[in-house]
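The sequence shown lines up with residues 7 to 1016 when you count with my numbering.
The C-beta atom is built at its ideal place from N, Cα and C for all residues, glycine as well.
Since this is a predicted model, take the numbers as computed values, not measurements.
Below is one structure, written out as structure tokens, with a few remarks after it.
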Amino acid sequence: MIDDFKIDYQNSEYVFQWIASTNGESGIVFTVDRGKDADGNVILTNNGSFNAYEYHTVHRSWSILGNHTTEVERKKYVIRYGDNKLYIGHIINDGSRNTITVDHFYTKNETPYTPVFVGGHSGIEENSGNGYGVLSIYTPQVVEQKAKINNGEVYKTQTGLTGQHYTTGIPKNAKVEKGKFLYAKNSQGTMSEFHKGVVLVNNYHDGVTVVYKELENQGTMEVNVYDNSKYPVDKYTMKVGETREYGNVTIANPYVQQTTDITYEYRKLGSVELYDENGNYLDQKQYVNDANDAAKASLPKIPKEFTRGNIEYTLVKAKDLPSDLSRSIKYIYRGIETKVTQDTYTLTTEFVNENGKELKAAEPQTITWTTTTKRDIHTNKITKQTSPSKESYAAVNSPVILGYYATTTKLSGQKAEPKNTTQKIIYHKLGKIIAQDSQGNILTTVDYENAAADATKIKEIVAPTIKGHHVKGEVIQPSDLGQDTVLNYGQDTQVAQIKYWDETAQKYITDAQGDDLETIETGAHNTEISHKKVTEQIHALKAKGYEYDVTDQRFSRVYFDDDDSKIQTFTVKLVHGMQAEIESKHITREVHIHHPKQEKEVVPQTATLTRNVTRDKVTDEVSPTSAWNFANFEEVDLPSHKGYKIDETPAEIQNGKVVAKTVAPDEEDGKKIAVKYIPLEQHALVKYVDDSNGTLLAEEAIQGVTDAAIEHTNDEKIATYRAKGYELVFDELANESDPHFNAEDEAQVYTVHLKHGSKVVKVDPSNVNSQKEVKRMIIVNSPDGTKTTKVQTVVFTRDGLKDLVTGKISYPDWDEIATKAFPQDDVPQYLGYTSIVAGRKQTTIAARNVRPTDADQEIEVSYVARPSKQVITYQDENGNQIKTQVVTGRTGETVKLVPVLPDGWELTAPDSFPEKVTFAPEENQVLVITVKRITTTASAKTETSGENPELAKQEVVNDTTGVTTNEKNEATLPQLGESDSEALAVSLLGLVTAAFSLFYFGKERRKTDN
């Protein structure tokens, strides 16, 4: 049926009631809308309304065809709180109780249903019988469920209906905690309005009413069943899951257990655990928090490859992030163990002569051969690979070895092989130059010189210089570097002397010993005299400042003569070099500024004077060519210091500056000018202040100069104030560690803070400012009419505080005194009576907090008589019980008795039946009356006492339930036991009993067969 209506009871609607007629052809399904918010929480929509899906089966006969069809008509209604027009029955709104009558969609007859909204409950009341079985039940209450985070914060208040299942969402703005995620173990739950003390009422259309009261939080119910909604017929307790039958009604415990408050907790995030294929643990990396969602996380960055020690790991198996973020997952890596071994092989190059003798240390070259062995640690499979660090050895250049030549410039590089090898470069001894005279005598020998960068070559040979001899013929270069070269020399006989003349000083230039500087050249007759030594000497003299004029020389191209009898003499002329320069003279002075409270500042000044001069490069003598140019010392601005003035005693200091000055060549060099500062007069002020009232008591002036120490004490004056009752709060001057006069224009102020001394004044009961009482009177109005009063007294006290300066005594406000309490007091109890305090049943007067400012209190205790009964048993002469009459009332109440005899019976002794009865506590002793049969055939009738013709009839019933009248002819309701509203019931007794009498005696009890 629900599917036929297309009711989405899992997502959008909650079905809480389905009623149907006993023949199954009509019915109504009741639902409420529900939705989901962004968190997935089930919530109610259109709060205060419900949906009614009404259906009716229609039978149609077709006479022509001789058959019939059956159709089900359906229609949906939305019933809202406060609606004034609906399309289903009588609508009663609890706010106004207005009734509107409309028609069913499938019939023109008035509907018998009345939807009722009462508080948070709704239902359908039936006004006239229509064949329905169970028609009305309470609508589930809208209740709240709080979801919390484990820090106690309520992040979501869930709303729903009793019995409604839901799933909470994750808090949107929950704090993200690193390494943790938000989790709820019990995020699915059930809504329930049930709790200890809740009362629910089911009204059925045949007059049966069931009242449920929850006795404890496990769902056990106290069940009271009433027939015709007024008469108690049964009372019992019912545990969860139990059912009982009463007539056509099945009574079931309606308890729905509410899910415990949902608490989200922070749990530790799981990790990606890294293992090799053999199951060995390698590492782990925790899941990464989602920065915007405390309940989410993502996989961490996991390397596809990494190396640990000599094992390379490669990822071969990974998993997705699990739905349970606390659960770790495994990643599997393949491990390849790598071992590297190295062998080194050498190529040695030897440098030897033709006999194999080593001429130079051998040069080794090495190449390393690397063998890489890889092993799969899971399968144990092994692979190897070997390779050299270089493909070949480097070529070797033949090095130059002094006195030897090589036959090759280099050896080419050899291909690398995994073995040690040797190669050689062969060297031969170099030849030499042999110088000999015409007689064949050896004058000297000179070895060939190796070329600088080629071991296979020598430098070009040059005939050696031999004093007194000269080489004959041309020098020829050798083709065989190992063969000697012979040079023939002839003897020289002529000598030339060269001297050096100082043209500027007009004298010969001398050497370090004072002798004339000279150069000697020798050579063969008629040969050109060499200028080599003379040129070297001229360069040396130029370095000393001389200048050489080539055009003014008689020693240019000259020759040895053939006269061996005398030495040839030549002169070289030189002059002094001169250089024009600018000569400088530096004169300085320093300004020493002695700042107050700062380091001394030195301002250096330099004046530079210049003139033109000529400098002799040989003697270094200077000759002026112009007069000195004068310079200036610039003026120096002197900084000012607050509280000081500049000492202008020195002549150089004027108007706060060191004045500028023109500097002559004879000015004093290095003069120091001292700048000093003189402190100004200052004063300070001491103020004596009364902090208790903010008044100034006195002032005292102190004189001094800037930055001078303040040598003053306030002790003597403070002592005078202490004698007047003051206390020192703070002495600013005494508290300052090193007080000095400042440079401010206004006086320094130091405040001495004083306050009024005080003394505690203890509590004095006779002083109204010191003690106060608050009373509570408990007035007990006993059932016998006596009145007693009990007085409870709470005493409050406060100490005073005396001002030692003014003598005034002050007290704290009474509101600042700590709260006290009236103690709990037991209410006297009387058998058969219930004590009433403030309109409620109470056996104790509760303790109560009280403050000094509270008024006196008065509490009255009254008593209400409890229900009682008188049972009258009618017996025949043999003691057989004929009938039982029950008369009910309250303790202490006296009522008149009227005998109600069974048909055909009369009192054996009319005087034995009492005229009145007074009710004892609980119940009276059973009254036994003897009766006998009537001998006449007259019909039995109800007798009425002639003494009180207005007395109402008393009824005899077989089930021991009845009604009595009191002395005022007022009928009383059947008593089901005490309740918390007994006192109120007593005060309304007249109105209630009158209404009940009208109903009971004016209408027969209605019963329904359904």
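DSSP three-state assignment for residue i, whether helix, strand or coil
i	result
Ser3	Look at the range of the chain in this structure, 7 to 1016, and you will see that residue 3 is not part of it.
Asp821	helix
Ser841	strand
Pro834	coil
Thr471	coil
Glu248	coil
Tyr189	strand
Pro916	helix
Val540	helix
Asp721	helix
Lys241	strand
His545	helix
Tyr1055	As displayed, the chain neither begins before 7 nor continues past 1016, which places residue 1055 out of reach and without an answer.
Tyr727	helix
Val769	coil
Thr414	coil
Val932	coil
Asp100	For Asp100, the predicted model reports a pLDDT of 28, less than 50, meaning its position is unreliable; a value from the coordinates is still stated below. Coil at Asp100, not helix or strand.
Lys974	At Lys974, the pLDDT of 36 sits below 50, so the modelled position is not reliable and the matter cannot be decided from this model.
Val214	coil
Val556	helix
Glu738	helix
Same chain, Cβ closer than 8 Å to residue i, five either side skipped, listed in chain order
i	result
Ile13	Glu19, Val21, Val35, Thr37, Tyr59
Asp296	Val182, Lys302, Ala303, Ser304
Pro829	Gln798, Ala853
Ile448	Ile440, Ala441, Gln442
Ser841	Val833, Pro834, Gln835, Lys847, Gln848, Thr849, Val867, Ser868, Tyr869
Lys793	Ile785, Val786, Asn787
Check whether residue i and residue j have beta carbons under 8 Å apart
i	j	result
Thr1	Ser772	Since the first residue shown for the chain is 7 and the last is 1016, residue 1 is missing from the structure and cannot be characterised.
His62	Glu79	yes
Lys245	Asn230	no
Ala303	Leu331	yes
Glu356	Lys430	yes
Glu360	His434	yes
Phe561	Val578	yes
Lys875	Thr897	no
Gly488	Thr528	no
Option in the options with minimal Cα separation from residue i
i	options	result
Gln881	Phe919, Gly763, Thr392	Phe919
Thr256	Thr215, Phe639, Tyr411	Thr215
Ala871	Asp790, Val833, Val937	Asp790
Ala546	Asp517, Val608, Ser536, Asn284	Asp517
Val774	Trp820, Thr792, Val811	Trp820
Arg728	Glu705, Val149, Asp696	Asp696
Lys796	Pro834, Lys761, Leu760	Pro834
Gly285	Tyr252, Lys336, Asn884	Lys336
Val371	Ser398, Gly247, Val811	In the sequence as presented, Val is not what sits at residue 371; that position holds Gln. The candidate whose alpha carbon is nearest that of Gln371 is Ser398.
Thr415	Val406, Thr890, Lys421	Val406
Chain-order list of residues whose beta-carbon lies under 6 Å from that of residue i (same chain, five-residue window excluded)
i	result
Gln543	Thr525
Glu687	Val711
Thr575	Gln503
Lys323	Ile338
Own chain, CB closer than 7 Å to residue i, minus 5 neighbours either side, in chain order
i	result
Lys274	Gly185, Lys186, Ser332
Asn954	At Asn954, the pLDDT of 37 sits below 50, so the modelled position is not reliable; the number obtained from the coordinates is stated separately. So the list reads Lys902, once near-sequence residues are dropped.
Thr757	Lys693, Val695, Glu738
Thr631	Asn618, Val619, Thr620
Val755	Leu691, Lys693
Phe11	Val35, Tyr59, Arg80
Gln483	Glu466, Ile467
Test: residue i CB closer than 8 Å to a CB of chain C
i	result
Phe36	Of the protein chains in this structure there is only one, and it is not chain C.
* Is the region 739-755 touching the region 781-791 in the sense that three or more CB pairs, one from each, lie closer than 8 Å? -> no
query: Does the region 375-382 come close enough to the region 336-353 that 3 or more CB-CB pairs lie under 8 Å?
result: yes
Quiz item: Below 8 Å, can you find three or more Cβ-Cβ pairs linking the region 760-774 to the region 797-813?
Solution: yes
Answer yes if the region 440-447 comes into contact with the region 398-416, meaning at least three C-beta pairs across the two stretches below 8 Å, and no otherwise. no
**Given 8 Å, three or more beta-carbon pairs between the region 638-645 and the region 657-668** = yes
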